[in-house]
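Worksheet: one structure, shown below.
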Amino acid sequence: MTLISSLPAPPHTQGLSSVTFKNPPLDGTLSLPELCDWHGQHSPDHRLFVYAEDDGTIKNVKWARASEAIRRSAQLVRERLGWTPGTSENSVVAILSASDSIPYVTTTLGVIRANYVAFPISTRNSPAAVAHLIEKTGVRHILVGREHAMQELAAQSLEVLKAHYGAVPEVELSPMPIFDDLYSSGQAVPSEDVPYERWGPDTPALILHSSGSTTFPKPIYCTLHRLLQFVRVSCYGGLDLADKILSLHGSPMYHGMGFTITTLAISSGLCVALPAPRHPPLSVTPESTIRGATATHSEIILAVPSMLEAPPDVNVAFQAWSRNPDYVESLSNMNRVLYGGGPLDKEVGEYLFSHGVPLCCEYGSTECGVLSCFLPLEIPDVDWHYVRFADNVTVKFEPFGLGQYECIILANELLHPHVINTKVDGVDGYATSDLFEEHPTKKGYWRILGRTDDQIMHSTGEKTNPGPLESMMNQDPHVAASVMFGRGRFQAGILVEPKPEYRFNPVDENELTAFRNKLWPTVQKMNAFAPQHSRLFKEVMACFNMPILTVSKMILVAKPNKPFVYTAKHTVRRGVVTKVYEEEINTLYTTIDTSAQVSISYPMQWRLYEATGFVRSVVSEIMGRNVPDDGDFFQNGCDSLQATYIRNALLSAIRKSSKVNAHSVPESLVYDNPTISCLGAIVSSIVLGTRSNESGNIHGSSTARIDSMRAMVTKYTSDFPKFIPGQGAASSDPGDVVLVTGTTGSLGCHVLVQLATSPEVRRIYALNRPSRNADMIRPRQEKALLERGLNAEILDSDRVVLLEGDLMQPKFGLSVEVFDEMRASITHIIHNAWPVDFALKLASFEPQIQGIRALIDFALAVPMHPEPPHVQFTSSVGVVQNMSPEMLCAETSVEPDNVVSTGYAESKWVSEQILYSAAAKTPLRALVVRAGQICGGPDGAWNSHEWLPSMVQSAPALGCFPDDTRAIDWIPADLAAAAVVDFRKYTSPTHTVHLVHPRPVSWRSLATYIAGEFSVPLVPYSAWLAKLEEYSSEDTSKLAVAPLRNDAPHGLHASRLLSFFRSLASRVGSGPNALGMVNLDLKQALIASPALADPEIRRLRMQDAQRWLAYWQKTGVFF
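Following my numbering, the numbering of the sequence shown begins with 1406 at its first residue and continues without gaps.
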């Protein structure tokens, strides 16, 4: 027989012991409708459907009867549409019906058998959405359910079609067949009475549609070839499904999941349990679903998470399965309880699992079908929420950041997605926009986290994954649904729709406050789970024996006249809802920006004692801990969001209790004064009018800052340990042993790879600080490497030892065994770790400076070494940034007056001086590496919040991009790492080398491409800066507390760096480098690094800029 398609034979895993089911040919010999006819002949007595009558009687529908019903449906469709041979190809017949499942799936298969294209349309779509789908697919005939609601939906949809889509061909309506029309007729319908025309494999046979969570649903065309691929999914699963009963009582057949799993019966012999035929059909509820499954003796049940957690229709009041002990017991007796269509709430899942429910996650999409291993052999365990992809699926996981990966399905001969929207290495693929996280120990097992298009990119560059947090909020007994928001904003908020019995008009402030208070326990659970930047911050609660009265205004409550809009899956249409509430959301952020939400009583007097007490209370409540009066906020865990709240709380109190102009308060107030004592003193002086005009902060003038720098150098350069040389080499084994810090950052990742692949390196100890989120170091390092397109397999090498520790702790917080092992073997130290935060002052970097001294002490105390390990420190060009751009900056120490600018640069200078002092006073071999601008590596990965990415992001908003004809000496991360690794063997006479590209290119060579990508002109820097100044001043109320870390207007990153860009203006016309950047000598560096000295070193090209833009696009910079 001629092949309608061509497929390799699948594994023989199904129907191995069934006496009634025969394995059909799945090699492309027969198409989907022909396979139904085949089973009618070869598996006539095998059950396809089973249902239970009200009295408990079990009714079976076997293949002989079902295949004839499919032909009867095809015959009926042909009669209604006036079919003649050769006339129906690509003609679409839509189904708009709430019909019960058996006639629905039979009719769908019948339409395909009749040589038409079947298009099941969700009955939950609005008339506008249905009209859109009709117009997009060219529907000419609709089978409409006989229920009044369906008749009305069809009529309204056609009205919309005529009103909004102009002259369209007439669409005919006819009634949807019911069970008796298809299964109760006594007249046989042999195959020859409904001749099937064989079409080509790429002919559409079925149309499904997306859920339309942000826009109208999109039609998805399924060809005969691809339908056959999906029928074969069961062959790549685990269990032999023949004769097993799978309940689909809760799955609508117009949904891709319900229809696809039903068709798996063709390849596996599965028996599908469905509701008993009724006209009109009974409503689907959790009760009817589980009772139907129990009555039909189902061994497997499939449900969407809303069935397990809460009702799919929020207007129906009933208990969810997890809250009913009888239902839980029934589920525990199943062979498998499948769920899909969205993540299941972890708490609900853990409860069910702990009560013996064999949960099994399945993953798929309308665009691709079932993708996970369907019903794997292994019994579900504690990792029930992970999936393993089937052997017929080729999947690529694209790093998305923060250990998350986007799933991309690549076409292969066994499975070809219905929709192609990308290419990977020349192979067609479907980028699902679904985000996954790999199991920390089980390779190949993945957990779905959410959607790339759901990720909320904040103005800080950090991302909130709303899915798990919304799921937790939706478990609150007062909440029907929720949507998080905050794109382009400094912090996240959440919009909540109350359940019907709790709805009220949120205009009533008292009711609103009371409702928010009811939600606060749930918010606390969310905050315990969420990363810090995703938490819903509570207003500062009462002190001074005042009661707690208020909770977060970041909780918006839906208005009765603005109900949420849902998709066919009953998920919230996020884009639509946030658009509807756009005004309320914008008003909320305006209020937050201009108020402090404080319920703490401000002091009646602002003398030093009272001001310090008030500051102490504010800091304690916002940080959630008691901080010593002289303890640095940022050393005690304060982040930029908390700094914002502290400043806003203080500003609010100042406004209410004095006539002080709030605009005179420095935006960097908290960063400039990062202790309670300092902040109390400055606040007191501001209100009392005693603040010195020459300084905006407690640190005083440049002279005072230089004094602070020198004092810190003195503090950490006294009493260096005496080095006692050993009598021989530390080890007879050849090769270097390197301790390298900060390997999860961009440069550190590349350095780690370079060291791990060097034949000269015997072992690498990679030391990193513990994660705030308690992530283990191995998965954290692996994610960091993969995000930058680097080979994570190096971590499997015995040469790489990953460590978590803290340089400020005794023995770096490591075990005695590991620490002693390091002391006995280390030959080189590369200290790369340093927090990049230009808002912090020098004092806040003291822990890092202590770390430098700790490494020096470690190097001088190693046993058995004839000389101390070589210590190499990655410093910054910021140390010399204030030097004249006309001068060639030598590779040597500089005076502190050239450095005063940011605490970051000052801390690097202090560290340099400590190393210089140690090298002068002891045998220590030390090298300072002043790194210039390090740009994206081979994959384009470049921190989007550095100055150049921020400048690029501004191009569309400002309508221009800066021009300059002079040179840029930026160096890609991989080349910079190669030089850093080279430097480990070199001690410069001045103990200093510079790290920039030895072969600069012109700014214009890259700027021309960047400007062209945004269709904006190149303009002088002064013109660009003027545009930025104008843009940033349009709404100064949105500007943030701390420079470089604030909530810039409309999410424009360059506004946060305004002070930096202003500083360039005074020097932009000077020197040989673009924008007046400092001109660095490279004499020592070229001697030290063969990589830098290579005459064929890779220069920056337009392709580099292309990769940068692609990376920033992927990570959500351009929103």
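Glycine is no exception: its CB is placed at the ideal position from the N, C-alpha and C atoms.
Rounded straight-line distance, which links the Cα of residue j to that of residue i
i, j, result
"residue 1541", "residue 1567", "14 angstroms"
"residue 1614", "residue 1766", "23 angstroms"
"residue 2398", "residue 1931", "48 angstroms"
"residue 1635", "residue 1698", "25 angstroms"
"residue 2365", "residue 2416", "7 angstroms"
"residue 1416", "residue 2277", "57 angstroms"
"residue 1968", "residue 1980", "14 angstroms"
"residue 2114", "residue 2252", "14 angstroms"
"residue 2522", "residue 1453", "51 angstroms"
"residue 2208", "residue 2225", "14 angstroms"
"residue 1447", "residue 1430", "11 angstroms"
"residue 1803", "residue 1854", "14 angstroms"
"residue 2008", "residue 2363", "44 angstroms"
"residue 2356", "residue 2430", "10 angstroms"
"residue 1716", "residue 2466", "For residue 1716, the predicted model reports a pLDDT of 34, less than 50, meaning its position is unreliable; a value from the coordinates is still stated below. Rounded to the nearest angstrom, the two C-alpha atoms are 54 angstroms apart."
"residue 2029", "residue 1910", "33 angstroms"
"residue 1598", "residue 2519", "55 angstroms"
"residue 2256", "residue 1987", "47 angstroms"
7 angstroms Cβ cutoff met for residue i and residue j
i, j, result
"residue 1797", "residue 1815", "no"
"residue 2323", "residue 2261", "yes"
"residue 2142", "residue 2167", "yes"
"residue 1445", "residue 1469", "yes"
"residue 1744", "residue 1708", "yes"
"residue 1442", "residue 1596", "yes"
"residue 2211", "residue 2174", "yes"
"residue 2330", "residue 2275", "yes"
"residue 1881", "residue 1918", "no"
"residue 1508", "residue 1587", "yes"
"residue 1777", "residue 1792", "yes"
"residue 1960", "residue 1908", "no"
"residue 2280", "residue 2317", "yes"
Where residue i falls: helix, strand or coil (DSSP)
i, result
"residue 2484", "strand"
"residue 1851", "strand"
"residue 1549", "strand"
"residue 2155", "helix"
"residue 2448", "At residue 2448, the pLDDT of 30 sits below 50, so the modelled position is not reliable and the matter cannot be decided from this model."
"residue 2257", "helix"
"residue 1753", "helix"
"residue 2160", "helix"
"residue 2103", "Residue placement at residue 2103 is poorly supported in this model, since its pLDDT is 41, which falls under 50; the coordinates still yield a value, given next. It is coil, neither helix nor strand."
"residue 1627", "strand"
"residue 2171", "strand"
"residue 2277", "strand"
"residue 1467", "strand"
"residue 2294", "strand"
Beta carbon proximity, residue i to chain C, threshold 7 angstroms
i, result
"residue 2296", "In the displayed structure, chain C is absent; only one protein chain is listed."
Inset, instruction - Determine, using beta-carbon pairs with one atom in the region 1461-1472 and one in the region 1480-1496, whether at least three such pairs fall under 8 angstroms. - result: no
Legend entry - At least 3 beta-carbon pairs within less than 8 angstroms: the region 1674-1684 vs the region 1645-1661: yes
Inset, instruction - Kindly provide the ranges of any beta strand (DSSP E) runs that are 3 or more residues long and lie completely inside the region 1759-1834, ordered along the chain. - result: 1764-1766, 1799-1806, 1809-1815 and 1827-1829
Legend entry - Cβ contact check for the region 2393-2408 and the region 2492-2503: 3 or more pairs under 8 angstroms: yes
Inset, instruction - Could you tell me whether the region 1821-1828 touches the region 1886-1900, using the rule of 3 or more Cβ pairs below 8 angstroms? - result: no
Legend entry - the region 2011-2025 touching the region 2051-2059, judged by at least three CB pairs closer than 8 angstroms: yes
Inset, instruction - Note down, one range per segment and in chain order, each alpha helix (DSSP H) of at least 4 residues found wholly within the region 1854-1940. - result: 1871-1879 and 1914-1934
Legend entry - beta strand (DSSP E) runs contained entirely in the region 1638-1683, provided each spans 3 or more residues: 1650-1652 and 1676-1678
Inset, instruction - Indicate whether the contact test is met: 3 or more Cβ pairs, each with one atom in the region 1484-1504 and one in the region 1545-1559, closer than 8 angstroms. - result: yes
Legend entry - Stretch pair the region 2264-2271 + the region 2192-2203: three plus CB contacts closer than 8 angstroms: no
Inset, instruction - Say whether the region 2418-2437 touches the region 2372-2387, bearing in mind that this needs 3 or more beta-carbon pairs closer than 8 angstroms, one atom from each stretch. - result: no
Legend entry - Completely contained alpha helix (DSSP H) runs for the region 2493-2518, where each covers 4 or more residues: 2495-2498
Legend entry - Three-pair Cβ contact test at 8 angstroms for the region 2148-2167 versus the region 2186-2200: yes
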